[in-house]
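According to the numbering used here, the residues represented by the sequence shown are 523 to 762, in order.
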Amino acid sequence: MCGRFTQRFSWRELHELLDLVGPAVNLAPRYNVAPGQQVATVRSEDDGQRLAMMRWGLIPSWAKEPNIGYRLINARLETARTKPSFRSAWRSRRCLIPADGFYEWTGEKKARQPWLIGMKEGGVFCFAGLWERWCVPAGLELTGSLAELGAGDALETCTILTTAANADVSPVHHRMPVILPPEAFGSWLAGDEVPPQSWPAGAMTLHPVSPWVNKATNDDPRCVEPAARPASNAHQDSWF
């Protein structure tokens with residue numbers, strides 16, 4: 523799965539990778555993107571690939587309320603095309619979700635160790651994603667970050683596709699995001715199939731980071747600070 527990730531890139535970096543159309547946007551670095559928050563996505567429009575900000579956690583168009591989105595932050599590649607929550611988006615609403623890292627956790631619940639996973643050479647890569655447009659039903663009063671929306675207002679949301687983990691990621695989790703090679707960006711957005719295999723092993727790296735990232739509201743450089751290795755030999759096996 524993918525429950526948190528990072529978007530620490532500039533508009534220029536994103537434009538160079540995806541040849542975006544539209545005006546430049548001042549993208550603040552994100553160190554701890556969490557479900558329910560706005561994320562930078564890219565989708566295909568008539569004039570080319572364009573940046574779109576969406577809420578992470580897909581809300582199907584038929585949903586009666588938005589909280590279902592917290593359960594739909596990920597979609598399994600193996601079943602997304604047929605699952606009612608995702609099949610409409612699979613057919614016609616694809617997106618790319620750029621990132622430069624994602625987190626997984628190991629260990630006991632009360633002492634979970636976060637790991638930051640990215641490419642050995644660094645830089646931005648793209649998850650395969652799906653998006654939806656949900657309209658607020660009449661009579662529904664929203665609260666929190668959605669309080670400003672009223673009946674008939676539209677909210678665009680997204681989900682990250684996941685697949686079986688490769689050998690780089692499997693020591694910390696059995697699933698990972700579907701990461702697309704640059705040559706597949708256009709075909710994915712156009713509706714083509716994606717092979718079910720993971721990103722090839724050997725190109726990714728992972729390292730333990732500060733527990734500061736465990737709190738979803740923390741979003742600053744402390745989230746990616748390397749964690750100290752344990753001194754006791756009794757704990758060495760958990761650090762791979």
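Cβ coordinates follow ideal geometry from the N, Cα and C atoms, glycine included. Remember, predicted model here, so these are calculated numbers, not experimental data.
Beta-bridge partners of residue 533, as assigned by DSSP: DSSP lists no partner for residue 533.
task = Rank 573, 741 and 548 by C-alpha distance to the C-alpha of residue 541 and give the top, closest one.
result = 573
Practice task
Keeping to the same chain, check which residues put their C-beta closer than 7 Å to that of residue 586; ignore five residues upstream and five downstream.
Solution key: 659
Item checked: Closest Cα partner of residue 721 within the set 706, 713, 711 and 714 -> 706
Bridge partners of residue 686, per DSSP?
697
Query raised in the report: Which ranges does the alpha helix (DSSP H) cover as unbroken runs of at least 4 residues, wholly within the region 578-633, from first to last along the chain?
Result: 609-614
(Q) By the three-class DSSP mapping on this structure, what secondary structure does residue 758 have? (A) Its pLDDT being 35, under 50, residue 758 is placed unreliably by the model, and nothing is read from it.
Exercise. Hey, residue 620 and residue 529 are a contact pair by Cβ (cut 8 Å); roughly how many whole angstroms apart?
Worked result: 7 Å
On the DSSP bridge list, what partners appear for residue 538? Beta-bridge pairing links residue 538 to no other residue.
**OP:** Using DSSP bridges, identify the partner residues of residue 648.
**Re:** 620 and 702
Review point. Where does residue 552 fall in DSSP's three states?
Key: strand
field: residue 745 (DSSP reduced to helix, strand or coil)
entry: helix
Could you tell me how far apart the beta carbons of residue 699 and residue 711 are, in whole angstroms, since I believe they sit closer than 8 Å? At roughly 17 Å, the Cβ-Cβ gap does not stay under 8 Å, so residue 699 and residue 711 are not in contact.
- Item | Cα-Cα separation between residue 666 and residue 606, rounded to whole angstroms | 27 Å
Spatial distance of residue 590 from residue 545 (CA atoms): 33 Å
- Query: Are the beta-carbon atoms of residue 616 and residue 713 separated by less than 8 Å?
  - Reply: yes
*asked:* Would the region 619-639 count as touching the region 722-736 if we require 3 or more Cβ pairs under 8 Å?
replied: yes
Following the continuous alpha helix (DSSP H) through residue 708, name the residue where it begins and the one where it ends. 707-711
task = For the beta strand (DSSP E) containing residue 526, list its first residue and its last residue.
result = Neither: residue 526 is in no beta strand (DSSP E) and is coded neither H nor E.
Self-check item: Cβ pair count under 8 Å reaching 3, the region 687-696 against the region 663-677
Solution: no
| query | With 16 other CB atoms within 10 Å as the buried threshold, where does residue 497 fall? | reply | Outside the shown range of the chain, which is 523 to 762, sits residue 497, and nothing can be said about it.
request  = Rounded to whole angstroms, what's the CA-CA distance from residue 702 to residue 750? Just pull it up for me.
outcome  = 32 Å
DSSP three-state call for residue 734: helix, strand or coil? helix
Coil, strand or helix - residue 668 by DSSP: helix
Closer than 6 Å by C-beta to residue 535: which residues in its own chain qualify, once you throw out the five before and the five after it? Chain order, please.
646
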